[in-house]
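Numbering (my numbering), first residue to last: 2 to 626.
Even for Gly, the Cβ is constructed at its ideal location relative to N, Cα and C.
Values in this document were obtained by computation on a predicted structure and should not be read as measured data.
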């Protein structure tokens, strides 16, 4: 029917069908069978939104409220009923109302998922039907037959009329009229909403009227079918596991997560041809397939009465080789971007393979300061290296699953002060240098010692000051110990930057930092003439905690004075901060779990001096921190 035309729906309990009648002419337009059968007792509810119908049946064993297509009764949504004794439904202004005839109460529901928004108790016997509009609810009583008007906010009864029909089992309000279904008379009476005066009736083949709903037809559809982007997993055997999900969503993009009843038809074309009807679970249908890489697939998801969703897929064509490019950024001296290009068997970018790319420095005077693992985008992933600019061969490994690529790069006479637009990739080593890095430094610890100073210490490596022979190909070469140590620092998760280059024989350094910065994380590079060696430290391990310095949070109060002791960062120093402080009391920097935030005086221990500082700040409130 055209938008804004009036339509009335009634449930015929005798034929278990829904009748559609024109409000303008009173003529029966058509009828269809709903997904549930309203039993002869007539304890059913019906409500019309202008775009869909809500229906309930108190004898339904699933105890569900269904939302249906107003054309053929296709289920578009469903959610649990707030009571097993609901036999009246009404809809207005985005709220669904349900009449509980056993408890003589009315539930206000969210029409998306059935969440109870409010419960109204008019204090009278109500059973049979409901209507709503303009802040007023209408509810019927069967014996003696009556109709009540109820305030939609308070639940207070505003008025009571004698029913013009013997058995009022359905109500609906449209503009200034109230429609009352008569179960025994097979008709719908039309009343004036203000006075209750009889205006006329509908009698065109309605049967046993168990429920009534009416309203003006509105344009548009309440829901949309959506196909989510597929999830693809490349297996070790080379096949690709593909998960495709289709869901039901409202106009705001919310999933109908309570909907377990919609029948969705999935049609496949291309690499697999099939049409199957599935029932939604939590508003979705999830399908899993296994394909050969590169398979083309078309997926179409349909629900009767709604716009279908369609997606063309090209299943992952996996990486078969990688190629690296090294790019020097003249604005960031010492940093080299490593770009890994991923190619499939057709020697084109493997844009669909989203497996993680791992980066590692195998040899050379370079440190991986970017992410060791990265997700590719459009067939490319990248990370960053740090180098001192001295002529060196850097060997980098890129790995995607079992696909490994190794690239060597010579920095030439690159200076810290002179940048380059780009650097060329070489396939082989370009000089006769060894690729045997020295031992890694162990025992790394960093401790805040006050005054914005951090003491960094580590154990000397065995090669420090030693002259020794190492195998190189088929011969032995002499090594004259190490060149020295480089202290690297990361501030608040940023790239590591060099803060000191120290000679061999040194294993201690005091770093100056901003007390308001951090956390600061330290790393030690052991360097010889040809290679750097970095300690491999597992995140969140004891070694990782030991090299991390968390600074004391310092706030400023309204008078511009410092506030210390803001351990929970809520802006004031209170009992919550005290409980946190007491848990750390007695710890010092020798403890791997030492937390520098509680070392208020920066002496490397949480003791009485810190307690007195905390007590001095107790009760203060920071306006900036």
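Rank the options by C-alpha distance to the C-alpha of residue i and give the top, closest one.
{"i": "residue 261", "options": "502, 554, 81, 538", "result": "81"}
{"i": "residue 510", "options": "40, 457, 243, 180", "result": "457"}
{"i": "residue 520", "options": "507, 514, 550", "result": "550"}
{"i": "residue 1", "options": "545, 541, 374", "result": "Residue 1 lies beyond the residue range present for the chain, which begins at 2 and ends at 626; the question has no answer from this structure."}
{"i": "residue 264", "options": "294, 499, 302", "result": "302"}
{"i": "residue 449", "options": "467, 485, 515", "result": "515"}
{"i": "residue 103", "options": "307, 83, 180", "result": "83"}
{"i": "residue 18", "options": "37, 27, 26", "result": "37"}
{"i": "residue 572", "options": "604, 618, 178", "result": "618"}
{"i": "residue 627", "options": "494, 483, 524", "result": "Outside the shown range of the chain, which is 2 to 626, sits residue 627, and nothing can be said about it."}
{"i": "residue 529", "options": "494, 269, 466", "result": "466"}
{"i": "residue 125", "options": "561, 580, 93, 149", "result": "149"}
{"i": "residue 595", "options": "578, 552, 612, 579", "result": "552"}
{"i": "residue 272", "options": "281, 141, 243", "result": "243"}
{"i": "residue 340", "options": "408, 288, 364", "result": "408"}
{"i": "residue 344", "options": "378, 328, 576", "result": "378"}
{"i": "residue 205", "options": "535, 22, 364", "result": "22"}
{"i": "residue 249", "options": "266, 233, 235, 574", "result": "266"}
{"i": "residue 214", "options": "532, 447, 93", "result": "93"}
{"i": "residue 622", "options": "338, 609, 570", "result": "570"}
{"i": "residue 517", "options": "499, 492, 531", "result": "492"}
Please classify residue i as buried or exposed, where buried requires at least 16 other C-beta atoms within 10 Å of its C-beta.
{"i": "residue 583", "result": "exposed"}
{"i": "residue 318", "result": "buried"}
{"i": "residue 405", "result": "exposed"}
{"i": "residue 221", "result": "exposed"}
{"i": "residue 506", "result": "exposed"}
{"i": "residue 300", "result": "buried"}
{"i": "residue 115", "result": "buried"}
{"i": "residue 429", "result": "The pLDDT assigned to residue 429 is 41, lower than 50, so where the model puts this residue is not dependable; a value taken from the coordinates is nonetheless given after this. Exposed: under 16 other Cβ atoms inside 10 Å."}
{"i": "residue 141", "result": "buried"}
{"i": "residue 327", "result": "buried"}
{"i": "residue 97", "result": "buried"}
Is the beta carbon of residue i less than 9 Å from the beta carbon of residue j?
{"i": "residue 212", "j": "residue 130", "result": "yes"}
{"i": "residue 182", "j": "residue 191", "result": "no"}
{"i": "residue 6", "j": "residue 29", "result": "no"}
{"i": "residue 69", "j": "residue 35", "result": "yes"}
{"i": "residue 556", "j": "residue 624", "result": "yes"}
{"i": "residue 203", "j": "residue 188", "result": "yes"}
{"i": "residue 295", "j": "residue 259", "result": "no"}
{"i": "residue 88", "j": "residue 44", "result": "yes"}
{"i": "residue 207", "j": "residue 11", "result": "yes"}
{"i": "residue 146", "j": "residue 132", "result": "no"}
{"i": "residue 46", "j": "residue 58", "result": "yes"}
{"i": "residue 51", "j": "residue 219", "result": "yes"}
{"i": "residue 311", "j": "residue 385", "result": "no"}
{"i": "residue 9", "j": "residue 180", "result": "yes"}
Between the alpha carbons of residue i and residue j, how many angstroms are there, rounded?
{"i": "residue 565", "j": "residue 455", "result": "19 Å"}
{"i": "residue 400", "j": "residue 358", "result": "6 Å"}
{"i": "residue 335", "j": "residue 247", "result": "49 Å"}
{"i": "residue 165", "j": "residue 91", "result": "20 Å"}
{"i": "residue 489", "j": "residue 541", "result": "19 Å"}
{"i": "residue 137", "j": "residue 154", "result": "8 Å"}
{"i": "residue 79", "j": "residue 65", "result": "7 Å"}
{"i": "residue 77", "j": "residue 372", "result": "46 Å"}
{"i": "residue 586", "j": "residue 607", "result": "5 Å"}
{"i": "residue 228", "j": "residue 278", "result": "15 Å"}
{"i": "residue 16", "j": "residue 209", "result": "8 Å"}
{"i": "residue 298", "j": "residue 368", "result": "44 Å"}
{"i": "residue 156", "j": "residue 107", "result": "8 Å"}
{"i": "residue 487", "j": "residue 331", "result": "22 Å"}
{"i": "residue 316", "j": "residue 349", "result": "15 Å"}
{"i": "residue 323", "j": "residue 351", "result": "10 Å"}
{"i": "residue 256", "j": "residue 120", "result": "25 Å"}
{"i": "residue 482", "j": "residue 380", "result": "42 Å"}
{"i": "residue 342", "j": "residue 325", "result": "6 Å"}
{"i": "residue 313", "j": "residue 321", "result": "24 Å"}
{"i": "residue 543", "j": "residue 270", "result": "54 Å"}
{"i": "residue 376", "j": "residue 230", "result": "17 Å"}
{"i": "residue 63", "j": "residue 85", "result": "9 Å"}
For my contact list, residue i and residue j are in at a C-beta cut-off of 8 Å; report their separation, rounded to the angstrom.
{"i": "residue 240", "j": "residue 291", "result": "5 Å"}
{"i": "residue 151", "j": "residue 123", "result": "5 Å"}
{"i": "residue 451", "j": "residue 513", "result": "Contact doesn't hold; Cβ gap of about 12 Å is too wide."}
{"i": "residue 308", "j": "residue 245", "result": "Rounded, the Cβ-Cβ distance is 18 Å, inconsistent with contact."}
{"i": "residue 388", "j": "residue 355", "result": "Not quite, the Cβ-Cβ distance comes to about 30 Å (not below 8 Å), so this is no contact."}
{"i": "residue 364", "j": "residue 438", "result": "7 Å"}
The ligand HEM and residue i: does the residue's C-beta get closer than 8 Å to at least one heavy atom of that ligand?
{"i": "residue 119", "result": "The ligand content of the structure shown is nil, which means the ligand HEM is not present either."}
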